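Before any comments, here is the structure.
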Ligand code: BGC
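Numbering (the working numbering), first residue to last: 379 to 1090.
Structure representation (structure tokens):
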């Protein structure tokens, strides 16, 4: 249906609605929350706007009742399908967003979005609360695993790609979240105040959200936090003036979980729910996630004239338009996609490819590829821990109240992957230790000795360590980013046996690796790698696949030296802490492979341009190795002299190229002077005349520089 028809349909329904029906459209409820009475009322009368965390066949009754109601407007079913439809046991569970971001591969990420949306639609649902477009710059924050990393350009491109994928089948709406600044909360604290200014918001934090609007993302979610003391939930500036009016967002905004209640209970902004709800809607929220008191509060406020009907109508109009675009206003239930596609082989193949590309080789002293070994010891607590491998937002961490599906048995842990990839070798496994070190002393000693015995007889040891769910996620911020428990000791003692030690990290966020490094011949970073992670890791270790992952986020030397993201300002007074090295041991953009890419000097077609003009920058890259590989070519810039401080480098573009062994390829970027700007103190975007440094890099550590002049 075209936009005009959708709008007309929404308008007709809106004109037939009572106040109560309108406000019901603006509410989303979950059965899990403390809302039983209201939940049952709406389930029976079929007028509620939305439900969340309802799965599969459970949608049937809700729909039946909605189609029998006066308006025949079904609810929109929202689900946290943030790396696959992972709250459903049988669905394809992809690597986490952070892991996927290591691919820097927009086509793959779009495919993941499409597969996820197809499985969500096959399960009868129509709204994914994804992608997370928060910028992951404070590694202490518990939700780093949910981000696409630390850089606005990379996040914008991957965000737009996954939204494209989600919305491709026309049956599912994406949700850009959490708007705005959530990840930047002071101290990395979940749901707290951030001190970003509007200038900085425009320069960095708004960019991925603008990309989401431009991609046609149908919904946005309001963050829990506040900016400089103003709760986002009542920020007319950010929700209405910037998002809806300036960026032109035409979908609807849903709050995060109980934002209205938080304004009363946690943020001390309102005495009553009535005021919180009215102010929240006036500011620009269109739907309340949970906060059951919202219904009565808004109905009463409207009756008493404390909120205008125009504001309510505008919110409902936005919701109905999205429903119309998803084909939900046709008065009858559409046949969902066949459930057979959920977790099917074809989808798992996409998942496998995504996992291969999501894995980053951080260190290799020649131990990899491990082409053959008669006996391999697979050690470490995360070699068999499916929960740790999945990470957050699966049926483990957010269980559905009615788990009617059995978990699939195709999930590859690293142990299973190594066993399959090295089917001719003898594989022995021992846990060695726990991640948290919370076992009793006797068990701890036994585990360690079993692992050392296993290692003693092996030709090579793959030690799989990292973190577990208790150390990641919402409300689980972490002050010390160390490798916990006896995990480093395990690696060290195995190395002391004189063994080749390949460390595989399965973890939700960058950790301090300095203490581990001397004992690891190779380090493979997999983050939370989903169903196929173990097979992808094993085939990469074996050399059946080549590594191509690049870090979307910088690793810290020390938790005390945060932040460590790459695009900071110069540090012109002392330039570093006296006790910690500067920068990052494994920075944004870094990653090794079995290929060796040698860069020529970059060349500009024109070296002087006027504002508004574009030119081409080319660089020749040679694969000086015996292995075909994928290189991620990164283009950064810096305004050499600028009225405002500028980061040492800012990524403006990247391209991937596959180069066969021994061959060369020329990669060409379009350099648009419009991209070389900054926001001045009045929040105005400016591109100054003068010299700009352009940097080309394949690893975030080594740069080839060339100067472009922008004339007056
Ligand atoms: C999270 C959101 C999520 C919502 C619904 C909130 O706690 O912040 O990201 O979509 O819950 O589960």
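Cβ coordinates follow ideal geometry from the N, Cα and C atoms, glycine included. As the structure is a prediction and not an experimental result, all values here were calculated from the model.
Residue 406 is positioned such that its CB atom lies closer than 8 Å to that of residue 667. Residue 406 carries a strand assignment under DSSP once its states are collapsed to helix, strand and coil. Shown here for residue 991: same chain residues with a beta carbon closer than 7 Å to its own, the five before and five after excluded, namely 1051 in chain order. Look at the segment 501-541 and you find no whole run of beta strand (DSSP E) that is 3 residues long or longer.
Secondary structure note for residue 723: it is in no beta strand (DSSP E), and the uninterrupted alpha helix (DSSP H) holding it is 723-735.
Counting only the Cα atoms, residue 518 lies some 6 Å from residue 857. The set of residues with a C-beta under 5 Å from any non-hydrogen atom of the ligand BGC comprises 458, 507, 634 and 635, given in chain order. In the DSSP annotation of this structure, residue 1001 is not part of any alpha helix (DSSP H); the continuous beta strand (DSSP E) holding it starts and ends at 992-1001.
Note that the C-beta distance between residue 971 and residue 1044 is not below 8 Å.
An exposed status is given to residue 986, since fewer than 16 other beta-carbon atoms sit within 10 Å of its beta-carbon. In the DSSP assignment, residue 1082 falls within the unbroken beta strand (DSSP E) covering 1082-1089. Assignment of alpha helix (DSSP H) within the segment 636-688, counting only whole runs of 4 or more residues, yields 637-643, 651-661 and 671-681 in chain order. Nearest to residue 590 by C-alpha distance, out of 576, 619 and 628, is 628. Between residue 979 and residue 1082, the C-beta spacing is below 8 Å.
Leaving aside the five residues that flank residue 1053 on each side, the residues in its chain whose CB is nearer than 7 Å to its CB run, in chain order, 1030. Excluding sequence positions up to five before and after residue 1048, its CB lies within less than 7 Å of the CB of 992 and 994, all in the same chain and listed in chain order. Counted as a single uninterrupted DSSP element, the alpha helix (DSSP H) harbouring residue 827 occupies residues 819-834. The segment 484-498 makes no contact with the segment 423-441; the number of CB pairs closer than 8 Å stays below 3.
Between residue 1063 and residue 1022, the C-beta spacing is not below 8 Å. Beta-bridge partners assigned by DSSP to residue 742: 900.
Taking C-beta separations shorter than 7 Å and ignoring five residues to either side along the sequence, the partners of residue 948 in its chain run 1026, following chain order. Judged by DSSP secondary structure, residue 844 falls within the beta strand (DSSP E) whose first and last residues are 838-844. Annotated three-state conformation of residue 619 is helix, per DSSP.
Contact check for residue 924 against residue 1006 passes: the beta carbons are separated by less than 8 Å. About 13 Å separates the beta carbons of residue 512 and residue 570, which is beyond the 8 Å limit, so they are not a contact pair. Burial is judged here by how many other beta carbons sit within 10 angstroms of a residue's own beta carbon; residue 614 has fewer than 16 and is exposed. Ranking 510, 705 and 807 by CA distance to the CA of residue 381 puts 705 first. One alpha carbon belongs to residue 936, the other to residue 963, and they sit about 10 Å apart. A residue is called buried once 16 or more other Cβ atoms fall within 10 Å of its Cβ, and residue 950, having fewer, is exposed.
Taking a C-beta distance under 8 Å as the contact criterion, residue 495 and residue 547 qualify as a contact pair.
For the options 521, 1076 and 539, the alpha carbon positioned closest to that of residue 491 is the one of 539. Residue burial is scored here from C-beta neighbours: residue 663 has at least 16 other C-beta atoms within 10 angstroms and is therefore classed as buried.
For residue 1075, the uninterrupted beta strand (DSSP E) segment begins and ends at 1068-1075.
Assignment of residue 571 by DSSP, reduced to helix, strand and coil, places it in the strand class. When secondary structure is reduced to three states using DSSP, residue 881 falls in the strand class.
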